[in-house]
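Take -7 as the starting number for the sequence shown in the numbering used here and just add one per residue. Every residue, glycine too, gets a C-beta built ideally from N, C-alpha and C. Here the structure is a predicted model, which means the values were calculated and not measured.
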Amino acid sequence: MRFARLMVLSMMTTLGVQGAVAAVTKADFGKLKDGKAVEVYTVKNADLELRVTTYGARIVSLMTKDRDGKMGDVVLGYKSVDGYVAEGTSKTYFGSIVGRYGNRIRDGKFTIDGHTYQVPQNDHGNALHGGPHGFDEQLWTGKALPDGVEMSLVSKDGDMGFPGTLTVHVRYTVVGSAVHINYSATTDKATVTNITNHSYFNLSGEGSGTILNEEMMINANGYTPVDAGLIPVGGVKPVAGTPFDFNKPTVIGSRIEESNEQLKLGGGYDHNWVLNGKNGVMKTAAKVHDPKSGRVLTVTTTQPGVQFYTGNFLDGSYTGKSGVKYTKRTGFCLETQHYPDSPNQPAFPSTLLKPGETLHTDTVFAFSVQK
């Protein structure tokens, strides 16, 4: 017997955070071309509503309160899976989990134990976000949790040229006004992996214009400059005295058009910051304040780096869930990560994962308001 599409999986789960309660529900989110059904899970409490789909294990909406207590969606995305599929090869990666290797690998090549692997060169001769058919295109398996959802995927040996069968679990849980993302992965053969979430944020609300007036703080004294292919060159350089110094809150648009070679290469900000603090230890990565809405986003992570990207390649080709076209710099990303091209740069923290080991990282997107 078919009831309404919405199926309540868990109701009124006490989280113990200021008396907040969460409910987890599941609904249809459309179908893929092969007929496979795509689901979307909603995790909701009094402070926040998170929606995650099994297509790419991606965040499709995130409702938070502004200074007046009004809820608004602060991530870019589409109403159904059709919008994500329709992007084709011109991907935005809105909200998705990217992998096996998020960000770039030079020439799509890396060597493990003397064997060189070639993976697809889908970004100006380099590998980007795991190749043309990475984790963002995969149909993950969802499982409701008392306060969230777990997305699981098995990437077979040789998937996009990467060695080893990689088993990945990504848990999204809601605690008060924060989204916790827990990543874990195991392999049966030595491989490299760098898994992150690629949400685009606009704290004024998706479809509300650019993010250039939002104030950014990044907890980093160094960053990794890039070449024309956005591959790190020259190791870690200090941010002091450059437009990349966000140690004090700075309006995103205040320096983005400066005559700076790195800004020109990225078309704006599209770089990896080397976070202050130890790899594997929870620390503040960034804090963003939107004067218009009063919303504040604080990102903490165990990862060593964060990619700050200002939506430089959005060009109005994509119409979002509110019917507004996403134009240049209408969303920003804070992708917690290992550094780009780490498999080819021994001085960077290693992304090698061996059999018997478990990759484990945590990232938190916490929301508050500033009156």
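For residue i, the three-state DSSP class (helix, strand or coil)
i, result
"MET209", "strand"
"THR5", "Here THR5 scores only 36 on pLDDT, less than 50, and its place in the model should not be relied on; the value that follows carries that caveat. THR5 falls in the strand class under three-state DSSP."
"VAL228", "coil"
"VAL184", "strand"
"ALA(-4)", "Per-residue confidence for ALA(-4) stands at a pLDDT of 31, beneath the threshold of 50, marking its modelled position as unreliable; the derived number appears in the next sentence. Looking at ALA(-4) - three-state DSSP - the assignment turns out to be coil, as it is neither helix nor strand."
"PHE305", "coil"
"ASP65", "strand"
"VAL32", "strand"
"LYS313", "coil"
"TYR318", "strand"
"SER246", "helix"
"GLU253", "helix"
"PHE324", "strand"
"ALA19", "strand"
"ALA78", "helix"
"GLY258", "helix"
"GLY153", "helix"
"PHE193", "strand"
Buried versus exposed, by CB contacts within 10 Å (16 or more), residue i
i, result
"ASP26", "exposed"
"ALA170", "buried"
"GLN362", "exposed"
"SER147", "buried"
"GLY8", "Note that GLY8 scores a pLDDT of 36, beneath 50, so its modelled location is shaky; the value from the coordinates is reported in the next line. By the neighbour-count rule (16 or more Cβ atoms within 10 Å), GLY8 is not buried but exposed."
"ASN239", "exposed"
"LYS57", "buried"
"PRO347", "exposed"
"GLY233", "exposed"
"MET(-1)", "Interpretation of MET(-1) is limited by its pLDDT of 35, a score under 50 that renders its predicted location unreliable; no figure is taken from the coordinates."
"GLY80", "exposed"
"THR108", "exposed"
"ASP262", "buried"
"SER82", "exposed"
Contacting residues, own chain, Cβ-Cβ under 7 Å from residue i (five flanking each side not counted)
i, result
"GLY297", "ASN264, TRP265, VAL266, LEU267, GLN329, HIS330, TYR331"
"ASP449", "Because residue 449 is not part of the residues shown, which for the chain are -7 to 363, the question remains open."
"VAL273", "THR294"
"LEU326", "ALA277, ALA278, VAL291, VAL298, PHE300"
"LEU195", "VAL66, GLU206, VAL280, ASP282, SER285, ARG287, LEU289"
"VAL243", "ASN205, GLU207"
"LEU158", "ARG92, SER147, ALA177, THR179, THR183, THR185"
"THR188", "VAL90, GLY94, GLU327, THR328, GLN329"
"SER72", "PHE21, GLY22"
"THR311", "LYS317"
6 Å CB neighbourhood of residue i in its chain, flanking five on each side removed
i, result
"PRO241", "GLU207, MET209"
"MET143", "ALA49, TRP132, GLY134, VAL162"
"ARG43", "VAL32, THR34, VAL52, SER53"
"GLY308", "LYS317, THR319"
"ILE104", "ALA182"
"ARG364", "Residue 364 is absent from the structure shown; the chain starts at -7 and stops at 363."
"LEU145", "GLN130, TRP132, VAL160"
Among the options, the one whose alpha carbon lies nearest that of residue i
i, options, result
"ASP180", "ILE173, SER169, GLY153, ASP149", "ASP149"
"HIS161", "ILE173, ASP151, HIS125, PHE154", "ILE173"
"HIS352", "LEU145, SER176, LEU24", "SER176"
"VAL184", "VAL167, SER88, GLU349", "GLU349"
"LYS36", "ALA14, GLY22, THR46", "ALA14"
"PRO138", "GLY315, VAL16, ASP333", "VAL16"
"ALA212", "ASP20, ILE51, TYR93, GLY269", "GLY269"
"ASN95", "VAL73, ALA78, GLN113, LEU120", "LEU120"
"ARG321", "ASP128, PRO235, ILE248, VAL167", "ILE248"
"VAL225", "GLN130, ALA339, GLU198, TYR192", "ALA339"
"VAL356", "GLY168, GLY64, SER82, ILE223", "GLY168"
"ALA358", "PRO217, PHE305, TYR164", "TYR164"
"GLY126", "PHE305, ASP60, ASN239, HIS190", "HIS190"
"ASN118", "SER200, PHE193, LYS18, ASP219", "ASP219"
"VAL141", "THR234, THR46, THR302", "THR46"
"GLY69", "SER246, HIS116, GLY258, GLY199", "GLY199"
"GLY365", "GLY106, ILE97, LEU145", "The requested residue 365 does not occur in the structure, where the chain is confined to residues -7 to 363."
"PHE401", "GLY75, GLY87, ASN271, GLY260", "As shown, the chain starts at -7 and ends at 363. That puts residue 401 outside it, with no answer to give."
"THR216", "LYS28, VAL77, PRO341", "PRO341"
"LEU40", "VAL30, GLY61, ALA29", "GLY61"
"LEU222", "VAL77, ASP354, HIS116", "HIS116"
"ASP201", "THR302, LYS18, PRO335, GLY258", "Looking at the sequence itself, residue 201 is Gly, so the reference to Asp does not match. Nearest of THR302, LYS18, PRO335, GLY258 to GLY201, Cα basis: THR302."
Cutoff 8 Å; reference residue i; Cβ partners in own chain excluding five residues on either side
i, result
"GLY214", "VAL228, LYS229, PRO230, VAL231, TRP265, VAL266"
"GLN110", "GLY100, LYS101, GLY153"
Residues that DSSP places opposite residue i in a beta bridge
i, result
"HIS263", "PHE300"
"THR293", "LYS275, THR355"
"ILE51", "VAL44"
"SER144", "THR133, HIS161"
"ALA339", "Its beta-bridge partners do not exist; DSSP assigns none."
"GLY199", "DSSP, once it has assigned bridges, lists no residue as partnering GLY199."
"LYS101", "GLN110"
"ILE173", "TYR164, THR355"
"ASP443", "Residue 443 lies beyond the residue range present for the chain, which begins at -7 and ends at 363; the question has no answer from this structure."
"VAL361", "ARG287"
"THR234", "Answer by DSSP bridge pairing: none, since THR234 is not bridged."
Beta carbon proximity, residue i to chain C, threshold 8 Å
i, result
"GLY22", "Included in the structure is just one protein chain, with no chain C present."
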